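As structure tokens, the structure follows; a few thoughts come after it.
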Amino acid sequence: MERTAVRGRLTWQVATVTSIVRETDAVRTIGLEVPGWAGHRAGQHLDVRLTAEDGYTAERSYSIATADDEPVAITVERLENGEVSPYLTEDLRAGDQLELRGPIGRWFVWDTSDGGPLMLIAGGSGVVPLRAMLRHRRRSGSDVPVRLLYSSRTLADVIYRSELDRYRDGAQVIYTLTREQPPGWTGYSGRVNAAMLAKTAWPAGQHPLTFVCGPTSFVEAVAEKLVGMGYPPGRIKTERFGGT
Amino acid sequence: MSTPISRGFRRLRRPSAGEKGRVPPGQYVTQGFPVLSAGPTPHTPLPEWTFSIRQGGGTLKSWTWQEFQELPAEDVTTDIHCVTRWSKLDTMWRGVSVDTLLGQVDHDTPYVLAFCDGGYTTNLPIRDVTGGQAWVAFGFGGAPLESEHGGPARLLVPHLYFWKSAKWVRGLELLDHDEPGFWETYGYHNYGDPWKEQRYAGD
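Chains A and B, in that order, are what the protein sequence lines are. Last residue of the first sequence: number 243 in numbering that gives the first Met the number 0, and the count goes up by one each step with no gaps. Last residue of the second sequence: number 202 in numbering that gives the first Met the number 0, and the count goes up by one each step with no gaps.
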């Protein structure tokens, strides 16, 4: 159901860091305790605001990594020359406090009632909101068939790997590694292309609901190929990050 | 509520003299040109492209691509501010002023709804798209506007958050009432003034 009720202003709240999990060299999942959090939907994001000792503030948006019935967590990738992400991934400690507000966005979200089959396609840290959708599906006992096609540079860059490897029961996770593959690699190699999508994505005739998230060039290329396969553009939801 | 201080967090770069007063609160300056889109990029062939002004189910005026190119165009250098927090300064556009377009029809409605390929819409008070504040832009940085950035033509309303500068625009619907557009329906602010940080509904 679309929740269209007019809401009040999203106010800044103080959140306390409960845990920091190392996902890869550059990626951390930050568990947050947010008193009075009104709940969120899989795929939504939140805004973080940091305040320096001299009063300087910086705000950034991050996808929420958890299902709607779980405590809030964000997964952050350290960007070289970034201002906020190096602090969040390297300096932040459990017990620290920061400000946030959310949840934000009602387009790039999936509820079990939206149905499927569900096609999730991620490039790099674009997997974060899609992981929230997978967790929402599992925790709500949904039997909507889902496939995740997840492109990473190397195996060491795969976020949530141990969790993703455990999905069964109608959930299929397919990896492709673009830069380097370990010996005996049985997943796909190279960038997502039309041939890979033809083998891994639901046939267009099944009327899949698709979410694509990743760097702009990745999303642009994947969405265009899906349209070329006959996917109706209105059933492809995209979220992009980074410059071009 | 006292603001928590993040010890060790510090500003990465000082704003240059030329940036002072030009970056709205909560924004940072980027040299790139990020993209915010809800779905696949539409590709309408130019021979099929039109720009229309509609009202009450009828078309008041419509231009083909060729006719549109023959309208007087302006070069516009302006700063743009995306709700996802990047600002880009001194961007260079070429397009037709909305004043020029509306000048060819009789109109007295207080609102417009821009409509686009891909089904996007965005709503604007007419006072925000007139008076030299809005264009239908087809050039960027001296070249044709690329499709992923809204080409062949997008609305340019730089004093509001950039989602109001709707990509792949195909026309304006004149309305006697305000009607939320696409992002405005999905949680974003109805007006979107970056200097008041009107990012989300209720801000």
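Virtual Cβ for every residue (Gly too), placed ideally from N, Cα, C. Small disclaimer: the values here were computed from a predicted structure and weren't measured.
Can you have a look at residue i and say buried or exposed, based on whether 16 or more other CB atoms are within 10 angstroms of its CB?
i, result
"H80 of chain B", "buried"
"Y55 of chain A", "exposed"
"A142 of chain B", "exposed"
"M118 of chain A", "buried"
"R92 of chain A", "exposed"
"R2 of chain A", "Residue placement at R2 of chain A is poorly supported in this model, since its pLDDT is 41, which falls under 50; the coordinates still yield a value, given next. The residue is exposed, with fewer than 16 neighbouring Cβ atoms inside 10 Å."
"S36 of chain B", "buried"
"E172 of chain B", "buried"
"V168 of chain B", "buried"
Just to confirm before moving on: does the CB-CB distance between residue i and residue j stay below 8 Å?
i, j, result
"D78 of chain B", "L88 of chain B", "yes"
"E219 of chain A", "E178 of chain B", "no"
"L154 of chain B", "A113 of chain B", "yes"
"G115 of chain A", "P144 of chain A", "yes"
"G149 of chain B", "K166 of chain B", "yes"
"T215 of chain A", "P33 of chain B", "yes"
"Q12 of chain A", "E98 of chain A", "yes"
"Y159 of chain A", "A203 of chain A", "no"
"W85 of chain B", "Q26 of chain B", "yes"
"V226 of chain A", "P39 of chain B", "yes"
"T199 of chain A", "L129 of chain A", "no"
"L100 of chain B", "V111 of chain B", "no"
"A66 of chain A", "I29 of chain A", "no"
"G180 of chain B", "R53 of chain B", "no"
"L31 of chain A", "P102 of chain A", "no"
What is the DSSP secondary structure of residue i, counted as helix, strand or coil?
i, result
"P144 of chain A", "coil"
"L101 of chain B", "helix"
"Q54 of chain B", "strand"
"Q180 of chain A", "coil"
"F139 of chain B", "strand"
"F181 of chain B", "helix"
"Y187 of chain B", "strand"
"R138 of chain A", "helix"
"K19 of chain B", "coil"
"S5 of chain B", "coil"
"Y61 of chain A", "strand"
For a contact defined as C-beta to C-beta under 9 Å, what are the partners of residue i on chain B?
i, result
"A222 of chain A", "S36, G38, P39, T40"
"L129 of chain A", "The premise fails here: L129 of chain A is roughly 16 Å from chain B at the closest Cβ pair, so nothing lies under 9 Å."
"D113 of chain A", "Within 9 Å Cβ-Cβ: nothing; D113 of chain A doesn't reach chain B, min ~14 Å."
Taking residue i as the query, report the chain B residues whose CB atoms sit under 8 Å from its CB, ordered along the chain.
i, result
"T50 of chain A", "T2, P3, I4, S5, F8"
"P232 of chain A", "G38, P39, P41, G117"
"I120 of chain A", "The premise fails here: I120 of chain A is roughly 12 Å from chain B at the closest Cβ pair, so nothing lies under 8 Å."
Please compile the residues from chain A whose C-beta is within a distance smaller than 7 Å of the C-beta of residue i.
i, result
"T83 of chain B", "S60"
"G186 of chain B", "I103, G104, R105"
Closer than 8 Å by beta-carbon distance: list the chain A residues that pair up with residue i, in chain order.
i, result
"Y110 of chain B", "By Cβ distance, chain A contributes nothing, its closest Cβ being about 19 Å from Y110 of chain B, past 8 Å."
Taking Cβ-Cβ distances shorter than 9 Å, what residues in chain A pair up with residue i?
i, result
"G138 of chain B", "Those do not exist, as G138 of chain B stays about 17 Å from chain A at its closest Cβ, beyond 9 Å."
"G25 of chain B", "D46, R48, T56, A57, E58"
Could you list which residues in chain D have their beta carbon closer than 7 Å to that of residue i, in chain order?
i, result
"L11 of chain B", "No chain D is present in this structure, whose protein chains are A and B."
Let me know the beta strand (DSSP E) ranges lying completely inside the segment 185-228 of chain A, each 3 residues or longer, listed in chain order.
208-214
Minimum length 3: unbroken beta strand (DSSP E) runs contained in the segment 57-91 of chain B:
57-63, 73-80
Continuous beta strand (DSSP E) assignments of at least 3 residues falling wholly in the segment 117-174 of chain B:
120-124, 134-139, 153-155, 168-174
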